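Asker:
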Amino acid sequence: MKERIKKELALRELAKRDFYFFLKLKWERYNLMPFMQGWHINYLCKVLECTQPNTCLKDELIRNLIINMPPSYGKTEIIARSFIAWSLGKNRARKFFYISYSDDLCRKIANQVRDLMKSQFYKQIFPESLEFLQDNASEFVLREGGGLFVTTLKSALTGFHAHQILIDDPIKVSEMTSKKAVNLVNQNFKESVLSRLQDNDSNITILMQRLGTNDLCGFLQNEREFDLESIKAWKVIKLKAMQDNEEEYKIKDFSYLRKKNEPLFKARHSLEELESLKLKMGNDEFSGQYLQEPLISSGGYFDESFYTNIFNHEISPANTYIFIDNAMSLKESADNRAIIIVACENYKDSVRYCVLDCFFGIWSEEETIKHILQAKSTYKDAHTYIESDGGGLVLHRLLMHELAKFNQKAKEENTELLNDDVFVYTPSRKISKVQKIKSMRPFYNSGLLVFSYACKNQEQIKKELFSFNPDKPFRKDDCIDALASALAHSDVKAPIIKERTPSFNRHTPKRTWRI
Numbered sequence: 054m055k056e057r058i059k060k061e062l063a064l065r066e067l068a069k070r071d072f073y074f075f076l077k078l079k080w081e082r083y084n085l086m087p088f089m090q091g092w093h094i095n096y097l098c099k100v101l102e103c104t105q106p107n108t109c110l111k112d113e114l115i116r117n118l119i120i121n122m123p124p125s126y127g128k129t130e131i132i133a134r135s136f137i138a139w140s141l142g143k144n145r146a147r148k149f150f151y152i153s154y155s156d157d158l159c160r161k162i163a164n165q166v167r168d169l170m171k172s173q174f175y176k177q178i179f180p181e182s183l184e185f186l187q188d189n190a191s192e193f194v195l196r197e198g199g200g201l202f203v204t205t206l207k208s209a210l211t212g213f214h215a216h217q218i219l220i221d222d223p224i225k226v227s228e229m230t231s232k233k234a235v236n237l238v239n240q241n242f243k244e245s246v247l248s249r250l251q252d253n254d255s256n257i258t259i260l261m262q263r264l265g266t267n268d269l270c271g272f273l274q275n276e277r278e279f280d281l282e283s284i285k286a287w288k289v290i291k292l293k294a295m296q297d298n299e300e301e302y303k304i305k306d307f308s309y310l311r312k313k314n315e316p317l318f319k320a321r322h323s324l325e326e327l328e329s330l331k332l333k334m335g336n337d338e339f340s341g342q343y344l345q346e347p348l349i350s351s352g353g354y355f356d357e358s359f360y361t362n363i364f365n366h367e368i369s370p371a372n373t374y375i376f377i378d379n380a381m382s383l384k385e386s387a388d389n390r391a392i393i394i395v396a397c398e399n400y401k402d403s404v405r406y407c408v409l410d411c412f413f414g415i416w417s418e419e420e421t422i423k424h425i426l427q428a429k430s431t432y433k434d435a436h437t438y439i440e441s442d443g444g445g446l447v448l449h450r451l452l453m454h455e456l457a458k459f460n461q462k463a464k465e466e467n468t469e470l471l472n473d474d475v476f477v478y479t480p481s482r483k484i485s486k487v488q489k490i491k492s493m494r495p496f497y498n499s500g501l502l503v504f505s506y507a508c509k510n511q512e513q514i515k516k517e518l519f520s521f522n523p524d525k526p527f528r529k530d531d532c533i534d535a536l537a538s539a540l541a542h543s544d545v546k547a548p549i550i551k552e553r554t555p556s557f558n559r560h561t562p563k564r565t566w567r568i
């Protein structure tokens, strides 16, 4: 019994002294979940210990730290939910800023840290009673003066100084296509974060995946923005999901030799799974988010080698859709109007999209309607969708008028009528056009977006696809924009597969005369 008590007390003391053991014990006793082992987690814990004076030697102290690592590899759990609570247990006068891309996420983190510190598990490690002088959704303050304040970089930081500023993914992946959003984050960091430190031993830690050469990490390493001395002040640690060389990671009493081609987190992704992910994401996205080496894109977002043609007879029963991308102007410099016909079929336990036809041009509304009616005549079962932007509502009204005239003439000539399944849709404001086009790549790379040999104007589709650059969007990208709209629309689905109920009767009774 005494030995058990001694062992328990030793375990608690170890968790109090060593952040990695605290994290492991938290998962076992607080989260009640199995702890996913990974050497990089132990390494990160040791690195974070070196960001505060009371848990490292003077010459080990890191004041400016950048850690780049892949998404969903445990960074928020380590840096936010666990480290802040552990650090405040050791020094209740320490003040923290936690910054992320979303107000909701920030408030959620504040609640999770507070709940952990009020838990029975936490009292076992840090038994001294806690008194919260301030306790609300965006901050809490302890009697000793320390605490946590959470916010985003969408606005300047004012009125609060901190011993440690933790920045966890300061911008959403989807916002990287917005120059305004990127500049807002970068400038707010430069103008307000750097002036919010409490003293000379205070720390700024940025933990994020690389999203582009102009993200916050790229901004801080840019000689146009900062002098060489400021750039060199940052300790940059890159944890790549996969790498082709051997590397040793050493800090404090921790040392690990990572072998060539060894995945960073085997419990999350094997080497084969990473190769598959690379194929789906594309080289530039994967290089940034998983290898921490963002590429400067100059077209080539869609790899020509993945462009696949098929014959129409290879398409299984499918639902067909016509998507129309409208234009505001008839000038030569204006965007094209584009009409894309897409078939959606069930394919190998998934869904495959096949581009059957494409029409584009700088047309008047009358010419556009003629092309739509021609498409509806060719693909009689297709549902038609018109984007509301760019005069789509007017085009819909004129089309329905011409469709009624067309069908009246067809009735008089005793020919087949065209269906009136024509819908106007409003494109989602939550995702930009660039992001919508980018989202086609997993389908394109994995053979789930293909093109019929009979499809017209494939040269224009290829021109738009292969010149597409997310950093510098091509103006005339209307065909692939219409295609991306089709893939993103919730109505575009493959036919429902009807499951046959198996019959267990050996003989099926036949109808007989009843006499």
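Oh and the sequence shown: position 321 is 374 in the numbering used here, straight run, nothing missing. No residue lacks a Cβ here, since even glycine has one placed at the ideal position from N, Cα and C. It should be emphasised that the depicted structure is a prediction, and the values quoted were computed from it without experimental measurement.
Should H366 go down as buried or exposed, given a rule of 16 or more other Cβ atoms within 10 Å for buried?
Answerer: The residue is exposed, with fewer than 16 neighbouring Cβ atoms inside 10 Å.
Asker: Quick one: what's T503 bridged to in DSSP?
Answerer: A quick correction: the sequence has Val, not Thr, at residue 503. DSSP output for V503 lists C407 as bridge partner(s).
Asker: Beta-carbon within less than 8 Å of S386's beta-carbon, same chain only, minus the 5 sequence neighbours each way: which residues are those?
Answerer: The predicted model places S386 with a pLDDT of 41, which falls under 50 and marks its position as unreliable, so this point remains unresolved.
Asker: One question on the structure: do D530 and F521 come within less than 8 Å of each other, judged by their Cβ atoms?
Answerer: Yes, the pair counts as a contact, with Cβ atoms nearer than the cut-off.
Asker: Does K288 come out as helix, strand or coil in the three-state DSSP assignment?
Answerer: Strand.
Asker: So for V475, helix, strand or coil by DSSP?
Answerer: Here V475 sits in strand by DSSP.
Asker: CB of K313 to nearest heavy atom of the ligand COA: below 7 Å?
Answerer: Because no ligand of any kind appears in the structure shown, any question about the ligand COA cannot be addressed here.
Asker: V475: which of F496, K233, S441, Y506 sits nearest, CA to CA?
Answerer: Comparing Cα positions, the closest option is S441.
Asker: If distances are taken between C-alpha atoms only, which option among R160, D306, S492 comes closest to E102?
Answerer: Answer by Cα proximity: D306.
Asker: DSSP state of I549, grouped into three classes?
Answerer: Coil at I549, not helix or strand.
Asker: Got a sec? Which residues, its chain only, sit under 8 Å from S155 by beta carbon, not counting five neighbours each side?
Answerer: Excluding sequence neighbours, S155 sits near T205, K225.
Asker: Could you have a look at F75 and say whether DSSP puts it in helix, strand or coil?
Answerer: Looking at F75 - three-state DSSP - the assignment turns out to be helix.
Asker: Suppose you measure from the CA of N372 to the CA of K489; what does that come to, to the nearest Å?
Answerer: Taking the straight line from one Cα to the other gives about 22 Å.
Asker: Just to confirm the assignment, what range does the beta strand (DSSP E) spanning L348 have?
Answerer: That residue, L348, is in no beta strand (DSSP E); it is neither H nor E in DSSP.
Asker: Per the DSSP calculation, V100 is bridged to which residue(s)?
Answerer: Answer is none; V100 lacks a bridge partner.
Asker: Specify, as a first and last residue, the run of the beta strand (DSSP E) that G200 falls within.
Answerer: Counting along the chain, the beta strand (DSSP E) containing G200 begins and ends at 200-204.
Asker: By the 10 Å Cβ neighbour count, where 16 or more other Cβ atoms means buried, how is T479 classified, buried or exposed?
Answerer: By the neighbour-count rule (16 or more Cβ atoms within 10 Å), T479 is not buried but exposed.
Asker: Quick check: the Cα distance between R237 and L281, rounded to an integer number of angstroms?
Answerer: The sequence as given places Leu at residue 237; Arg does not occur at that position. Near 23 Å, if we compare the C-alpha coordinates of L281 and L237.
Asker: Just curious, the beta strand (DSSP E) that T373 is in, first and last residue?
Answerer: Looking at the DSSP string, the run of the beta strand (DSSP E) that includes T373 is 371-378.
Asker: Hey, out of L456, K233, I533, L470, whose CA is closest to S492's CA?
Answerer: Here the closest residue by C-alpha is I533.
Asker: Using the Cβ count rule (16 or more neighbours within 10 Å means buried), how would you classify K384?
Answerer: Interpretation of K384 is limited by its pLDDT of 49, a score under 50 that renders its predicted location unreliable; the figure taken from the coordinates is listed afterwards. K384 is exposed by the Cβ-count criterion.
Asker: Compute the Euclidean distance between the alpha carbons of S245 and K111, then round it to the nearest angstrom.
Answerer: Going by the C-alpha atoms only, they are around 27 Å apart.
Asker: In the DSSP assignment, what residue or residues form a beta bridge with M261?
Answerer: Paired residues: N121.
Asker: Find out if the Cβ-Cβ distance for the pair S135, L195 is shorter than 8 Å.
Answerer: No.
Asker: Go through its chain and collect everything with a Cβ distance to P106's Cβ below 8 Å, but skip five positions before and after it.
Answerer: For P106, where only same-chain residues beyond five positions count, the Cβ hits under 8 Å are L114, D254.
Asker: Along the chain, which unbroken stretches of the alpha helix (DSSP H) at least 4 residues long are found entirely within the segment 304-366?
Answerer: Counting whole runs of 4 or more residues, the segment 304-366 contains the alpha helix (DSSP H) stretches 324-334, 336-342.
Asker: What residue range does the beta strand (DSSP E) around I152 cover?
Answerer: Taken as a continuous stretch (DSSP letters only), the beta strand (DSSP E) holding I152 covers 148-152.
Asker: Would you identify the three-state DSSP class for Q251, choosing helix, strand or coil?
Answerer: The answer is coil: DSSP assigns Q251 none of H, G, I, E or B.
Asker: Look at the Cβ atom of K79, then the Cβ atom of F193, and state whether they are nearer than 8 Å.
Answerer: The answer is no: Cβ separation not under 8 Å.
Asker: Under 6 Å Cβ to Cβ from A547, same chain only, skipping five residues before and after it: list those, please.
Answerer: The answer, listed in chain order, is C397, E398, N399, V404.
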